[in-house]
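Everything below concerns the one structure shown next.
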Amino acid sequence: PLLRERTILVTANINEYTAKDVAARLLYLNAVDPDRPIDLYLSTQGGWVDSAFTIIDAIDLIEAPVNTWALGGCYSAGALILAAGTGRRYATPNAVLMIHASLDEDAKRPYSYERLALERYERVWRERANLPADWFPMVGGEEYYLSPQEALQFRLIDEIAPLRKKGSPQSHKDTKLNRESFFVR
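Structural data, given as structure tokens:
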């Protein structure tokens, strides 16, 4: 049912298996209808940067806009994918986002993996967000935890998604309208 609704949910660590599944679903949904947006929901502790870039590259390769959503905790590689969305980028009011400078000081060595990893990692943050200058270079292990309001301030997201309140007096019709406004299509 989620795939039929053009929705992908990631609740695992970002690794080669997650990346394969998400990239395959993105490519499939784009082939089915390249004009309709895809919603990618992220609630993850993070994971491997290479695997995150598999997903980011798939997002950038397809024509369909990819709306990204942070639910619960969206850390590290998950926050990087969130920022790379090509549609609207959302966080729920209860979300916590974490960005960290996980690369080591060897990132400046010529022809090293670390140098290339740092360049592409920082490129996403510089192009798709507005993080404080003193967070760069992103080395040394610093962790930055953000509320949805702070993520909005740093342009990591475009909007804080409204949550529907349980038990609120709404008719079935109003609920449907509210739900449709929550899910961007």
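Be aware that the sequence shown starts at 77, since it is given in the numbering used here, and climbs by one per residue. Ideal placement from N, C-alpha and C gives every residue a C-beta, glycine not left out.
Counted within 10 angstroms of its Cβ, other Cβ atoms place residue i as buried (16 or more) or exposed
i	result
alanine 209	exposed
valine 108	exposed
proline 92	Residue identity differs from the one stated: residue 92 is glutamate in this sequence, not proline. Looking at its Cβ environment, which holds fewer than 16 other Cβ atoms inside 10 Å, glutamate 92 is exposed.
glycine 154	buried
lysine 249	Since pLDDT at lysine 249 reaches only 41, below the 50 mark, its modelled position is unreliable, and no value is offered.
proline 111	Inspection of the sequence shows that residue 111 is occupied by aspartate rather than by proline. Label assigned to aspartate 111: exposed.
leucine 105	buried
leucine 102	buried
tyrosine 187	exposed
glycine 161	buried
glutamate 203	exposed
glutamate 81	exposed
tyrosine 197	buried
tyrosine 189	exposed
For residue j and residue i, the rounded distance between their alpha carbons
i	j	result
asparagine 89	glutamine 121	6 Å
proline 213	leucine 173	19 Å
serine 257	leucine 192	In this prediction, serine 257 scores a pLDDT of 39, lower than 50, which makes its location untrustworthy; the coordinate-derived value is nonetheless stated afterwards. The straight-line gap from Cα to Cα measures roughly 40 Å.
alanine 99	isoleucine 132	9 Å
valine 86	isoleucine 157	11 Å
proline 113	isoleucine 138	11 Å
glycine 123	histidine 176	12 Å
leucine 228	arginine 165	9 Å
proline 169	leucine 239	8 Å
leucine 207	leucine 78	33 Å
tyrosine 221	aspartate 234	18 Å
phenylalanine 272	aspartate 136	Because residue 272 is not part of the residues shown, which for the chain are 77 to 261, the question remains open.
proline 141	phenylalanine 230	21 Å
serine 152	tryptophan 145	14 Å
glutamate 218	serine 178	7 Å
serine 127	glycine 163	21 Å
Range of the contiguous alpha helix (DSSP H) that encloses residue i
i	result
aspartate 133	125 to 137
lysine 241	Lysine 241 -> no alpha helix (DSSP H), and no H or E assigned at all.
arginine 101	92 to 108
Beta strand (DSSP E) segment containing residue i, residue limits
i	result
threonine 120	114 to 120
asparagine 143	142 to 151
alanine 167	165 to 167
arginine 83	The amino acid occupying residue 83 in the given sequence is threonine; arginine does not appear at that position. Segment 83 to 86, the beta strand (DSSP E) holding threonine 83.
message: Extract the residue ranges of the alpha helix (DSSP H) inside the region 151 to 235, only unbroken runs of 4 or more that lie entirely within it.
response: Counting whole runs of 4 or more residues, the region 151 to 235 contains the alpha helix (DSSP H) stretches 153 to 159, 189 to 204, 224 to 229.
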